[in-house]
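In case it helps, this note's numbering puts the sequence shown at residues 7 to 143.
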Amino acid sequence: MIPLDEQIDADTLRGSDTDRQFRLIPSNGICSLVGDKWTVPVLWHLSHAENYRYRFSELKKEVGEITQRMLTLTLRNLEREGFVIRHYYPEVPPRVEYELTEVGHGALRALEPFNSWIQDNLNEVKANRQAYDQVEF
Numbered sequence: 007m008i009p010l011d012e013q014i015d016a017d018t019l020r021g022s023d024t025d026r027q028f029r030l031i032p033s034n035g036i037c038s039l040v041g042d043k044w045t046v047p048v049l050w051h052l053s054h055a056e057n058y059r060y061r062f063s064e065l066k067k068e069v070g071e072i073t074q075r076m077l078t079l080t081l082r083n084l085e086r087e088g089f090v091i092r093h094y095y096p097e098v099p100p101r102v103e104y105e106l107t108e109v110g111h112g113a114l115r116a117l118e119p120f121n122s123w124i125q126d127n128l129n130e131v132k133a134n135r136q137a138y139d140q141v142e143f
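Written out as structure tokens, the structure is:
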């Protein structure tokens, strides 16, 4: 087991395909990013963008209830991590478009099995929640 506070090299974790297994990876911010409320919906909508890009205003409409501030913060975080590329056009008014990188597409591909697991198990999880909530402690 790897101590949570130990710094490790990503290449150390790779191993061969036959050696790959689920391992706890020390906090690196990626799980927090992918686990927040807006990251996956933003990535998903960007993956379906016509010409693979969305203007900020179009993306905001597509995602729905997200505030302008939260969309800005989410896109900045995704850009910082290399999931998204920001294209700026110095026009009047300025135009900004966002596009998924290969890292962003890869993140969505990595989430597909988990999404399938959720679809397969959601009714059971809901039933477990309901049963738990009905028990008085």
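Just so you know, even glycine gets a beta-carbon here, dropped at the ideal spot from N, CA and C.
Predicted model only: the values in this text are computed from it and were never measured.
Other residues of its chain near residue i: CB distance less than 8 Å, five sequence neighbours each side excluded
i: HIS51; result: TYR60, LEU65, GLU68 and VAL69
i: HIS93; result: ARG59, VAL102, GLU103, TYR104 and GLU105
i: ASP42; result: THR80
Which listed residue (the options) has its alpha carbon closest to that of residue i
i: SER53; options: GLU71, THR107 and THR80; result: THR107
i: TYR95; options: GLN27, PHE62, ASN121 and GLN136; result: PHE62
i: SER38; options: SER122, GLU87 and ASP126; result: GLU87
As assigned by DSSP and simplified to three states, the class of residue i
i: VAL98; result: coil
i: HIS3; result: No answer is possible for residue 3: the residues shown for the chain start at 7 and end at 143.
i: LEU79; result: helix
i: GLU130; result: helix
i: ARG135; result: helix
i: ILE31; result: coil
Sequence-distant residues of the same chain with beta carbon closer than 7 Å to residue i, five excluded per side
i: THR80; result: TRP44, THR45 and VAL48
Buried versus exposed, by CB contacts within 10 Å (16 or more), residue i
i: ILE124; result: exposed
i: LEU84; result: buried
i: PHE89; result: buried
i: ALA137; result: exposed
i: GLY110; result: buried
i: ALA113; result: buried
i: ILE36; result: exposed
Cut-off 6 Å between Cβ atoms - residues of its own chain near residue i, not counting five sequence neighbours on either side
i: ILE91; result: GLU105 and THR107
i: LEU77; result: LYS66
i: ARG115; result: none
i: ILE72; result: TRP44
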